[in-house]
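Step one of this worksheet: look at the structure below.
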Amino acid sequence: MKRPRVTTHDVATSSSRVGGVETSTRDAAVRELLAWDIGHGLDEVEEVVSAEFGSAQKYVESWIGAWLCETRASTVAELERGGAAIEKVELSVVASGDPKGAFARVACAGGLRNATESDLVELKKGSTWKALGLVVQPARRDPTTTLLVAKARVSEMFAGGACEATARVVTSLTPALRELEAVANFGKLPEAIRVALLEDKKEIGGGGDNTRTRRPRRLVSSPEVETAASAREGEAALSAAQHARLSDRCGPGLAARIFAASNRSQVAAIAASAAPFCSSNDEEPAFTLIKGPPGTGKTATTAKVLNAIHVRQFQEYYGAVRRAAEAGEVSSSGGAVARLLETTASDPETWLARLREARPRILVCAPSNVAVDNVVERLVRDDAFVGGNGKPYSPDVARVGKKSCAGSVASLDARVEEVLSKTKDWLEEHVALTEKEAFRASRDAEKMRRRLRLFAFEAPVFLPARWEARVQPARPVPGARDAPYLYYVDHRHKITKREPPRFLNGAAMVPLESCSPEVDLVVSDLHAHLETWTRATARLAAYKCALARYRPDARTGGVASNETVRRALAAKLLDDAEIVCATLHGAGHSSVGDSRRFKAIVVDEAANALETATLVALANAETTERSPKVVLVGDPNQLAATRFARRNPWAAASLFERLEAGGAAPCVLLDTQYRMHPVISRFASQTFYDARLLDGSAALGRATAPEYAWRRKDGALGPLVFLDLKTSVEDAAGTSRANRAEARLAARVHAAFLGAFRDANPETVDLPDVALVTFYREQLKELEKAVTSDHPRPEINTVDAYQGREKDVVILSCVRANADGVGFLRDARRLNVALTRAKYACIVIGRRATLETDARWRSLLDYATANSALFEVPDADADLRALRPVASSKPSRRRNRNGNGNGNGNGGGIPPSSGFSSSSSYDAPPAAAAAAAQQTSSSSSGFSAPAPAPRRDLPKRKRPPHPKRRRPRGPESKEEEDGESSSMGDAEDSSILERGEASGDGSSPGSSPTSPSAPASAFVRRDMRVSNGSGSVRSDSKRVVRGGSPVTPTKGAISPGRSKNEPLCLQWPSREEYSCCGLVRVRRVGMLYVVSEWTRSDGRKARLYLGPYWHFLLMTLALLTCIASFVYGRVVPDDWTVVRVVGLTLTVLSFVSLACTSLSDPGIFPRYFKRLEANWTYSEYAHSFRPPGTIFCQECQVLIEEYNHFCPWSGTAIGKGNEVRRFSISTHPLRLY
């Protein structure tokens, strides 16, 4: 007979009260989990739990039911994954685990020595019996036995003794139990937080019966701010009001810094977070939501929020005594501080400890260690915090949990280890010194307290104008106490009195604090002594905890264990920290719970955490009259927390998402992004953020970055590109998937991008940071195998692991290529994260036919098509420069200056049905980009810019044929002229025309000087002419497209406006995989040449380098001879004949190898060059001028003759003439030498 299962209602209502210690609720949930028969799977036990948040009891019921379902689902997932190794153990019953006998304590001997407390263990005997156990006492306390708690019927298998079974650790329940503890103790939360959490829930993700919805509250200014802003009808008034509001809360110095380094939305978020800490009756809510899309500076804003909150708390702390001296609170019958000083006059340490409770205390949490470390890295900087006066300071920051480089300075574990590393003698010595320091600080603070008591209880509340109250400390008499006294100064008559001045009718009276600056000095000195006493007592407590290891315990007769000492020491150190950083589950650690509570809680990446995990952090809130401030920072449009349960979708929503949807808290949107190229951000803004995302100055600068100007010619490497790989094949590998073709193409794109960047920026040392990102973990292995180039290795990871990070270039592999759909790629939040990690370029590789089955992926494909950024790739080895953008199938309107087809001046030609209202050109020239930026800023501020003048449409050009790989018949072999077309296609035509590449007389580049009327918009097909060695001249025709009709210019001209003797130069835009770019063998000359090219105002030129330069050969020979003679004559002994012979041989072979490789290597020796007379033609495929008798090799991306090409750097050869043997023989002696 099956054991009757405890229902969710029974589990949740088993506690006696909601506001008390919820041990019965927690234990009931754990019993329900352990009583679950895992052999029946998940379908029979996963229940549908309704979300009812009307009362505290219903809230606890709902979340404990959801907790049970999620914990069971995660357990099943871990069991299917395999978990830890299976071990053989001996089980025996120790005692009953509860009064009812439903559970028992089981001793597990002979195994599970690596298990830790709260681990969930699977016990199994044969194939018929399974059970779950919870580790309550690990084996480290008893090296032979691990103590578990399991359901009592396992004792039936023991038959009164021990039995053999198998056991394995399934998972750790520590995070889940901390969530359960937080839910069970919901009634202990501050009232304001409970009220906000019990707001009626709006439906999120389906499920639930409550249909009441509320519009999210928008963050607005105070009524006077709104009135001022409405009266002036301008943003200047609102900005001034925000500045005044922030200055009042945080001080003018910090407000000035925040306004100088933040945009308007960030200032609004900081001002809302620094609002006065609320109580349940205040108008200010307990929660503030900051919604930060990608690149909007969430982490930087979080650091500024923490600075503002800390300054606000410190002002509260510093003014705790000062406010008692205000009007009406300084008399003996009123004032909190006055009452404190009056009731604790005989015990200085008591009132010092009470004042210490008012010190700043902030808890910073995030779901992951990476997110926490990102915040800690900013907090530990020297200029991270600025006070209200504008001066920098450094608060005490402690990092709980995992050690990392970012948090090493603030690591709590490092502090604990530092104290525990001290010897007993050192600790005892410093305990004595610290006790003296604390005593002196308390004595000095007591003196300041007495002087403050004189102002609080003896001085009048008001004084006449120009009177001042002062305290004169009496000279200490031996054996007597210091007895200060109060006197009054009349600045008008220059006299002093011991008695207070009389109150005269009609005389101007001012408050005591205003006319007595000594009150501020006394309060300042009191706080200085309080800080010294606080830090001294914290160190003293830490030293005494460390000494507990050496002192015997009076009760047990032994010493405290290291684990106990560590926990106590960590709690003492955290007690003194002002800002504590931990993960959400780390906030449930005992060291955090045993320390002081927190006045403010800030949760970063809050939208990526379940509500139960956020409750773990909220459980550390201070429960006083004034509720703490809670700030949640996140983005619901990015990845959510991982969840295993299939049912109860309402439980998958984060607390951030629920509060935003229900309108229980104001939400501030950070609307300016600084990360992504405008083309990337525009798609993200239109698709995920309702077109509310603006581009900051840094983002707009990415469109005009000079180091990426080469992308105007390479559309396949643009800012947002989709490569449709036709040969993409998806392979299923268990639950994951892989795609080898996409991995190979991703590796080639990576090499091509870095190669093009390096060629365009030869003087730049730092290359772009590139990341290869994919949705599937199995694809990571294929990417690792495919990336084998000589370029810096990119970082390879999954999309989920890249949330919160950024790279210069992101290459995304979609993997999916089937007829079944896109699977979990349909998640819009995952797509948002994948596309918004890149700064300059995001290149997406996938199968169009598969991805367009999803609506959002189809919108991305439409966006890429409209911007001429969708390219069909026939196979993974295709030439990327020969790709053509796929033309949009939708009819386009007349093009304007920026090149879109919809007439809105934003570029891109977005189809009307694609859902996008604007787009911009990829990497426009500075002038065009500036115009686009001006138009963007104008449209965002409500003003419309005049539409640019439309340009003339360009004629369509034929797709070039694939280059034939054949042996040329001689130097007079036919060259490709009219059949060649630029790999840039229409996109390059547009960029050339927009750049205005025309000569001074307005003619096109390459047009005939006899045709001065050629318009600037004419596209030129240029073939270069250079005379050959025999002096003969061959003139190749040039094709000039002018209004669609070809024109043949006059023969004999090299280029307009350039003489024959002028040096030839042209940009070298090739992106070879090897460093042998431009090496060709010309039959007519019989010598290897290097062709270097770059761009000049009068067109594309070429220069031929011969070599090596014979002067340098002689200099190198002389240098080697001198050095060898010195070494052999002075260093090597005379009897070392063999060494001399070998060294001389190596020297000769090394010089011979240098001479041999210098014929083909452009970098070993300087080159001799002169203008040769030969016929050269510009090749659109090779992006260079092609000498006669050569063709372009697509495998090696170089110009070769007869496939007799040799690469000196890689040591490989292709074609018929394999020269690896000669190269190896000539270079091995050089390596030995």
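According to UniProt numbering, the sequence shown holds residues 1 to 1233 in order. The beta-carbon is built from N, C-alpha and C at its ideal position, and this holds for glycine as well.
Burial state of Gly292 (16 or more Cβ within 10 Å): Walking along the sequence shown from the start, residue 292 turns up at place 292. Burial call: buried.
Residue range of the unbroken beta strand (DSSP E) whose run includes Ala838: Translated into positions along the sequence shown, residue 838 becomes position 838. Unbroken beta strand (DSSP E) run through Ala838: Ala838 to Gly846.
Glu742 to Asp827 span [Cα, whole Å]: Start at 1 with the first residue of the sequence shown, and residue 742 comes out as number 742. Start at 1 with the first residue of the sequence shown, and residue 827 comes out as number 827. Distance between the alpha carbons of Glu742 and Asp827 is about 21 Å.
Whole-angstrom distance between Leu79 and Asn608, CA atom to CA atom: Position 608 of the sequence shown, counted from the first residue, corresponds to residue 608. Position 79 of the sequence shown, counted from the first residue, corresponds to residue 79. Asn608 and Leu79: Cα-Cα distance of roughly 25 Å.
Continuous alpha helix (DSSP H) stretch holding Ile270: start and end: Locating residue 270 in the sequence shown gives position 270, counting from the first residue. Looking at the DSSP string, the run of the alpha helix (DSSP H) that includes Ile270 is Arg264 to Ser273.
Contacting residues, own chain, Cβ-Cβ under 6 Å from Ala1053 (five flanking each side not counted): Working through the sequence shown from its first residue, we reach residue 1053 at position 1053. Summary for Ala1053: the model assigns pLDDT 30, below 50, so the residue's position carries little reliability; its value from the coordinates is reported in the next sentence. No residues qualify anywhere along the chain.
Expected contact under 8 Å - CB spacing of residue 1236 and Leu574 to nearest Å: Because the chain spans 1 through 1233 in this model, residue 1236 falls outside it and cannot be assessed.
Per-residue DSSP class, three states only, for Arg168: Numbered from its first residue, the sequence shown carries residue 168 at position 168. Residue state, collapsed to three classes: strand.
Contact under 8 Å by Cβ, Phe656 with Leu632: Here residue 656 refers to the residue found at position 656 of the sequence shown. Here residue 632 refers to the residue found at position 632 of the sequence shown. Yes, the pair counts as a contact, with Cβ atoms nearer than the cut-off.
The beta strand (DSSP E) enclosing Glu417, as first and last residue numbers: Translated into the one-based positions of the sequence shown, residue 417 becomes position 417. No beta strand (DSSP E) holds Glu417; the alpha helix (DSSP H) holding it covers Leu412 to Leu420.
Close beta carbons around Val311, own chain, < 7 Å, minus the five adjacent residues each side: As a position in the sequence shown, residue 311 is number 311, starting the count at 1. Answer for Val311: Cys250, Gly251, Leu254, Gly387 and Gly388, listed in chain order.
Own chain, CB closer than 7 Å to Ala541, minus 5 neighbours either side, in chain order: Counting from 1 along the sequence shown, the entry for residue 541 is found at position 541. Lys572, listed in sequence order.
Contained alpha helix (DSSP H) runs [length at least 4] in the region 530-600, N- to C-terminal order: 562-576 and 590-593
At least three beta-carbon pairs within less than 8 Å, the region 692-707 to the region 842-853: Verdict: no, contact absent.
Residue from Cys814, Val787, Leu783 and Arg356 whose Cα sits closest to the Cα of Leu723: Position 723 of the sequence shown, counting from 1, holds the residue named residue 723. Measuring from the Cα of Leu723, the nearest candidate turns out to be Cys814.
Separation of His243 from Val370, as counted between CA atoms: As a position in the sequence shown, residue 370 is number 370, starting the count at 1. As a position in the sequence shown, residue 243 is number 243, starting the count at 1. Taking the straight line from one Cα to the other gives about 33 Å.
Cβ contact check for the region 665-676 and the region 611-627: 3 or more pairs under 8 Å: No: fewer than three Cβ pairs fall under 8 Å.
Member of Ala353, Arg81, Ala536 and Ala286 whose CA lies at the smallest distance from the CA of Lys629: Within the sequence shown, residue 629 is the residue found at index 629, counting from 1. Comparing Cα-Cα distances from Lys629 to each of Ala353, Arg81, Ala536 and Ala286, the minimum goes to Ala286.
Range of the contiguous alpha helix (DSSP H) that encloses Ala747: Translated into positions along the sequence shown, residue 747 becomes position 747. Note, Ala747: alpha helix (DSSP H), Arg740 to Ala760.
Option in Leu134, Ala577 and Ser736 with minimal Cα separation from Arg168: One-based indexing of the sequence shown puts residue 168 at position 168. For the residues Leu134, Ala577 and Ser736, the minimum Cα distance to Arg168 belongs to Leu134.
For Gly696, the residue or residues it bridges with in DSSP: The residue labelled residue 696 in the question sits at position 696 within the sequence shown. None, per the DSSP bridge assignment.
Thr71 beta carbon less than 8 Å from that of Pro367: Within the sequence shown, residue 367 is the residue found at index 367, counting from 1. Within the sequence shown, residue 71 is the residue found at index 71, counting from 1. Not a contact, by the Cβ cut-off of 8 Å.
Sub-8 Å separation of Val400 and Val592 beta-carbons: Numbered from 1 along the sequence shown, position 400 holds the residue referred to as residue 400. Numbered from 1 along the sequence shown, position 592 holds the residue referred to as residue 592. Yes, the pair counts as a contact, with Cβ atoms nearer than the cut-off.
Residue from Ser1150, Phe753, Ala665 and Arg26 with nearest C-alpha to Ile193: If you number the sequence shown from 1, residue 193 lands on position 193. Measuring from the Cα of Ile193, the nearest candidate turns out to be Ala665.
Spatial neighbours of Val183 in its chain, beta-carbon cut-off 7 Å, leaving aside the 5 residues before and after: In the sequence shown, counting from the first residue as 1, residue 183 sits at position 183. Cβ neighbours of Val183 beyond the five flanking positions: Val60, Trp63, Ile64, Trp67, Thr612 and Leu615.
Distance between Ala577 and Leu352 (C-alpha atoms, nearest Å): Mapped onto the sequence shown, residue 352 falls at position 352. Mapped onto the sequence shown, residue 577 falls at position 577. Just so you know, the alpha carbons of Leu352 and Ala577 end up roughly 17 Å apart.
Reduced DSSP category for Asp67 - H, G, I as helix; E, B as strand; rest coil: Here residue 67 refers to the residue found at position 67 of the sequence shown. According to the sequence shown, residue 67 is Trp rather than Asp. Residue state, collapsed to three classes: helix.
Segment contact, 8 Å Cβ cut-off, at least three pairs: the region 353-366 with the region 303-319: yes
Integer Cβ distance of Val773 from Ala834, believed to fall under 8 Å: Reading the sequence shown from its first residue, position 773 is the one you call residue 773. Reading the sequence shown from its first residue, position 834 is the one you call residue 834. About 6 Å; that satisfies the 8 Å criterion.
Stretch pair the region 294-309 + the region 263-272: three plus CB contacts closer than 8 Å: Cβ pair count under 8 Å is three or more, so yes.
Pairwise C-alpha distance: Ala876 and Ala684: On the sequence shown, position 684 is the one that residue 684 refers to. On the sequence shown, position 876 is the one that residue 876 refers to. Rounded to the nearest angstrom, the two C-alpha atoms are 28 Å apart.
Cβ-based burial, Ala600 [other Cβ within 10 Å; buried from 16]: For the purposes of this step, residue 600 is taken as the residue at position 600 of the sequence shown. Ala600 should be labelled buried.
Distance CB(Val886)-CB(Cys842) smaller than 8 Å: Counting from one through the sequence shown, the residue named residue 886 turns up at place 886. Counting from one through the sequence shown, the residue named residue 842 turns up at place 842. Not a contact, by the Cβ cut-off of 8 Å.
DSSP three-state assignment for Asn374, whether helix, strand or coil: To locate residue 374, count along the sequence shown from 1; it is residue 374. The answer is helix: DSSP assigns Asn374 an H, G or I state.
Delimiting residues of the alpha helix (DSSP H) encompassing Val380: Position 380 of the sequence shown, counting from 1, holds the residue named residue 380. Taken as a continuous stretch (DSSP letters only), Val380 belongs to no alpha helix (DSSP H), as it is neither H nor E.
Complete runs of the beta strand (DSSP E) confined to the region 632-672 [at least 3 residues]: 667-669
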